[in-house]
Structures are given as C-alpha cells and as structure tokens.
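Q: Mind having a look at this structure? Questions to follow.
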Amino acid sequence: MDWYTCYSQETIGRDRSALGPRSHYQIDFDRLIFSSAFRRLQSKTQVFPLPGTAFVHNRLTHSLEVASVGRSLGAIVGSYLADKKIRREDDESQLFYRNELSNVISSACLAHDLGNPAFGHSGESAISQYFKDQTENKIDGIPLYSFFDEKQWHDLIHFEGNANAIRVLTRQYPGKGPGGLGLTLTTLASVLKYPCESMARNKKFTHRKKFGFFQSEKEVFLQIVDRLGMVCEESEPLLIYKRHPFVYLVEAADDICYNIIDMEDAHRLNILSRDLVAESLLGVISEINSPKDDLHKIKDTFIQLTDDNAAISYLRSKTINTLVEACAAVFIDHSDAIISGQFSSTLMAEIEKQTSQIASITELSIDKIYRHRSVVEVEMAGYNVMAYILDLLIPAALSSQPSPRQEAALRLLPSQFSAGMNNVNSYDKTMLILDHVSSMTDDYATETYRKAVGIEIARH
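The numbering of the sequence shown is the working numbering, which starts it at 1 and goes up by one.
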C-alpha cells in the first residue's frame with residue numbers, strides 16, 4: 001500500500017456525473033449530512049438518557065463534533081504528507097492531501113456511528129444477547145442457530161455497530177438507488193475500523209478487537225480493500241486485512257471526543273464537580289508537552305470564567321486542541337509503519353504513554369459516568385425493549401407458517417425491508433429485520449414496544 005494509491009474517487013454502485021463546485025469527497029460529506037440515517041442519530045443515546053433538563057450529547061451532536069476534530073487532524077496530516085511524502089510534480093496527489101484528506105476524514109467521522117442501534121452500546125449487546133439466548137429456540141421445529149451457517153451465526157451473536165455502518169452506507173433496498181449512499185471507496189475505507197469478518201475477532205490485536213463487515217457485505221468489503229490496495233493479513237479460512245491509514249485519524253477524532261466530552265456532559269448533569277473535571281483536563285494539557293507560559297494563560301483564563309459551564313467548555317476546547325496536535329504528531333512519526341500496515345497501536349494509545357492523565361480520565365469515566373444510575377437504566381431499558389421487538393419479528397420472518405400475531409407484526413415493517421424478504425435465505429431475512437430494528441431511535445423503539453404489549457394503544 002502507498003500514499004499514491006490508497007485513495008480513489010471511485011464510488012460504490014454508481015457513477016457520479018460531472019462535478020460542479022464540489023469535489024467527490026465533499027459530496028460524500030453532503031450526502032451523509034442529508035441522509036435519513038444521519039438525522040436519526042439525533043434521537044439515539046450517546047451515554048446519558050434523552051431528553052433531559054440539561055442538554056447532553058446524542059449520537060448526532062457527537063458525530064458532528066467528531067467530524068470537526070477529524071477535519072483538523074486531516075488538514076494537519078494532509079499538509080505533512082503533501083510536503084514530505086508526495087512528489088511535487090504529482091498534482092493529483094498534492095491536491096488530494098492538501099485539500100481533500102480533511103474532507104475524507106470529516107465524512108468518515110460523520111458516518112462512524114450510523115450503524116449503532118438505539119440505547120447506546122447496550123443496544124448492540126441486546127441484539128447479540130437475543131440470539132445467544134434463543135440459540136436453541138425452535139421455529140418450525142428447527143433450532144434458531146440451524147437457520148444459519150457458522151459465519152452468519154457469528155455475525156448475529158456478535159452484532160457489531162461498526163459492521164452495520166458499512167451495511168447502512170452501501171446496502172441497496174428495493175426502490176432506492178444502487179450502492180446505498182454511493183460514497184467513495186476512500187471514505188468507506190476510512191470507516192473500516194476493524195477490517196476483518198466476525199469469526200476473526202481477537203482482542204489481542206487492535207484491528208481485530210471487533211469486526212468490520214457482515215457476511216452480507218463481504219463482496220463490498222473485497223471491492224474496497226482490493227481497489228485501494230489494502231494489506232491482506234489472511235484470506236483463508238478467515239478474511240483479515242490491515243487497517244487503511246486514514247482509519248487512524250477517524251478513530252483518534254472519536255477517541256478524543258468521547259474521552260473529553262463525556263466529562264463535560266457529566267459536569268452539566270452535576271455528576272462531576274467543576275474542580276474535578278478541571279483537574280483532569282488541565283492534567284492532560286500540562287502532561288502533553290504544553291509550554292508553561294501557555295498553561296499559565298489557560299489556568300488564568302479558566303479562573304476568570306465564573307460561569308461553571310463556560311469554564312469547563314473552555315478547558316474542553318483547549319484539551320481537544322492539545323490532543324489533536326499530539327495525535328497528528330504520532331501519526332506523522334509513525335507514518336511509514338502506518339502505510340505499510342505495521343503500526344499495531346492507536347494514536348491515542350501512544351498518547352497515553354506520554355500522560356497518565358488519559359488513563360485516569362478513563363477510570364473516572366467508567367466509575368462515575370458509565371456506571372451512573374441513569375446510564376444503567378438506559379441499558380436495562382435497551383435490553384428489554386430490543387429483546388421484545390426481536391422476539392416479535394425474528395420468528396415471524398423465519399417461520400414458514402407465521403401465526404396471525406406474527407403476520408400482523410410483519411405488516412408493521414417499512415416497505416423497504418418487507419419488500420426485500422421475497423425469495424431470500426434466512427440470513428438475509430434476519431438482516432433485514434435487524435436493519436429495521438437497528439435503525440430505530442430510542443423513542444421509536446420504546447413506542448413500538450409500548451404499543452406491542454398494549455401499554456399504549458394507537459388511536460387515529
């Protein structure tokens with residue numbers, strides 16, 4: 001893999017017409033911003049329950065902020081690559097790295113959470129747990145797992161939002177355009193955080209901690225990695241590739257935002273005090289080679305801000321800026337290993353070696369934020385609601401003779417999913433059900449559950 005061939009304007013499923021004022025990569029960004037899948041993120045939980053008396057981040061605001069951070073990372077790294085790694089006479093590559101890499105990274109950042117279901121990460125776990133719990137449950141006298149081959153079953157019992165994002169971005173549904181959103185291969189590759197199939201999951205390896213595509217998108221995955229020359233680690237019996245270099249920038253933008261902004265949300269909700277958050281954020285800034293004069297100015301400004309929310313927001317912005325510059329420096333220092341597929345860490349993991357404060361923030365977040373009662377309540381709701389909806393729809397879709405109740409449940413499916421169920425195998429039927437369930441917002445999933453169990457009856 002090299003810097004000249006790791007990007008392409010080629011798109012999935014369609015050819016774009018002649019360009020106007022926008023580049024192909026700007027078109028990617030715009031298509032994502034205007035997509036239904038992106039809009040739905042506004043009603044999907046990031047960490048804290050929605051809505052609340054204090055405004056906290058949802059999946060949409062998180063994705064927008066990640067895109068902003070990613071754009072900065074792309075601009076810094078792009079300028080370096082254009083200056084140091086790209087031939088001056090190569091106008092196309094110079095243009096891409098100076099002007100377009102930032103668009104690619106910001107677009108991929110917008111897309112990185114599109115595959116996540118409702119109720120935060122508990123939504124993913126709830127889907128996986130449903131299939132694990134129902135392994136031996138019989139439909140038409142056949143255990144559920146027997147409807148699928150081994151790799152398909154692994155997809156289901158380890159449902160993964162990252163893999164689902166690739167499906168959301170590339171899947172063609174009846175009556176809709178080919179290739180999903182028709183994004184460039186470059187943007188799609190930048191979303192592929194874990195370029196392997198589900199049975200290749202191995203937490204010992206950064207690029208295999210999770211997986212990046214379902215069996216239903218295997219051919220799309222192969223098109224992306226082959227066209228961009230991504231490094232193949234293994235093709236048989238399992239499909240495993242090294243990461244695309246741009247993934248590291250998207251991942252770093254996400255890591256920076258959730259590490260820091262969850263702290264800000266916790267402060268707004270009075271879970272963490274001003275002093276505790278300030279101590280944590282100032283610790284990051286001071287430990288990452290920040291000039292002492294700059295640190296004194298930051299502290300002075302912080303002290304002068306008497307509005308607590310404004311003061312913490314100020315420190316948040318300074319901390320993010322510090323981490324952006326530090327992550328860009330790590331990418332630059334390891335750029336040769338990254339492009340050759342030899343870099344086995346993450347940018348933020350390398351930063352953690354410079355500062356103990358990042359690890360302290362992580363520990364504090366786990367203890368005080370992710371285990372907070374309100375967060376656990378969302379998780380419990382997610383498990384119950386998602387399990388009920390899946391138990392209503394999965395047996396109905398797979399049964400050769402669905403009951404009247406099951407037939408009624410299937411009639412509630414949107415046409416783009418129900419129309420695709422004709423003459424397809426059990427795995428594809430199940431994936432269409434998961435398309436519907438994973439696209440639900442927190443409110444819609446809860447409303448569906450309440451109506452299905454009779455807590456709330458629709459009146460028109």
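Don't be surprised by glycine CBs; every beta carbon is placed ideally from N, CA and C.
Taking the Cβ atom as the reference point for each residue, do residue 212 and residue 194 lie within a distance shorter than 9 Å?
A: A contact, by the Cβ cut-off of 9 Å.
Q: With a Cβ-Cβ cutoff of 9 Å, do residue 70 and residue 96 count as a contact?
A: Cβ atoms of residue 70 and residue 96: not closer than 9 Å.
Q: May I ask which residues mark the beginning and end of the alpha helix (DSSP H) holding residue 109?
A: Segment 101-111, the alpha helix (DSSP H) holding residue 109.
Q: If the criterion is Cβ atoms closer than 9 Å, does the pair residue 252 and residue 343 meet it?
A: Result no, Cβ atoms of residue 252 and residue 343 do not sit closer than 9 Å.
Q: Is residue 51 buried or exposed, if buried means 16 or more other CB atoms sit within 10 Å of its CB?
A: Low per-residue confidence applies at residue 51: pLDDT is 46, beneath 50, and the placement is therefore not dependable, though the value from the model is reported in the following sentence. When all chains shown are included, residue 51 counts as exposed.
Q: Between which two residues does the beta strand (DSSP E) holding residue 233 run?
A: Note, residue 233: beta strand (DSSP E), 232-234.
Q: Looking only at its chain, what residues have a beta carbon closer than 8 Å to the beta carbon of residue 172, apart from the 5 residues adjacent to it on each side?
A: Once the five neighbours on either side are set aside, the close Cβ partners of residue 172 are 13, 178, 179, 180.
Q: Residue 58 by DSSP, collapsed to three states: which one?
A: DSSP places residue 58 in strand when its eight states are reduced to three.
Q: Can you list, in chain order, the stretches of the alpha helix (DSSP H) that have 4 or more residues and sit fully within the stretch 234-300?
A: Taking only runs of at least 4 residues, the alpha helix (DSSP H) segments lying wholly in the stretch 234-300 are 247-268, 274-287.
Q: Would you list the one or two residues that DSSP bridges to residue 138?
A: Paired residue(s): 143.
Q: Given a cut-off of 9 Å, decide if residue 167 and residue 128 are closer than it, judged by their beta-carbon atoms.
A: No, Cβ-Cβ distance for residue 128 and residue 167 is not below 9 Å.
Q: Determine the DSSP secondary structure at residue 196, reduced to helix, strand or coil.
A: Here residue 196 sits in strand by DSSP.
Q: If I measure Cβ to Cβ from residue 244 and keep anything under 7 Å in the same chain, skipping five residues before and after, which residues do I get?
A: Here the set comprises 6, 189, 190, 192, 228, 230.
Q: Since residue 104 and residue 186 should fall inside the 8 Å C-beta cutoff, what is the C-beta to C-beta distance between them, to a whole number of angstroms?
A: Confirmed, Cβ separation roughly 5 Å.
Q: Quick check on residue 50: does DSSP put it in helix, strand or coil?
A: Unreliable positioning characterises residue 50 in this predicted model, as indicated by a pLDDT of 43, which lies under 50. The coordinate reading is nonetheless provided below. The answer is coil: DSSP assigns residue 50 none of H, G, I, E or B.
Q: Determine the DSSP secondary structure at residue 187, reduced to helix, strand or coil.
A: Residue state, collapsed to three classes: helix.
Q: Tell me the rounded alpha-carbon separation between residue 286 and residue 275.
A: So the alpha carbons of these two residues sit roughly 16 Å apart.
Q: If you run the structure through DSSP and keep just helix, strand and coil, what is residue 386?
A: If DSSP states are grouped into helix, strand and coil, residue 386 belongs with the helices.
Q: Compare the Cα-Cα distances from residue 430 to each of 404, 409, 394 and report the closest residue.
A: The candidate whose alpha carbon is nearest that of residue 430 is 394.
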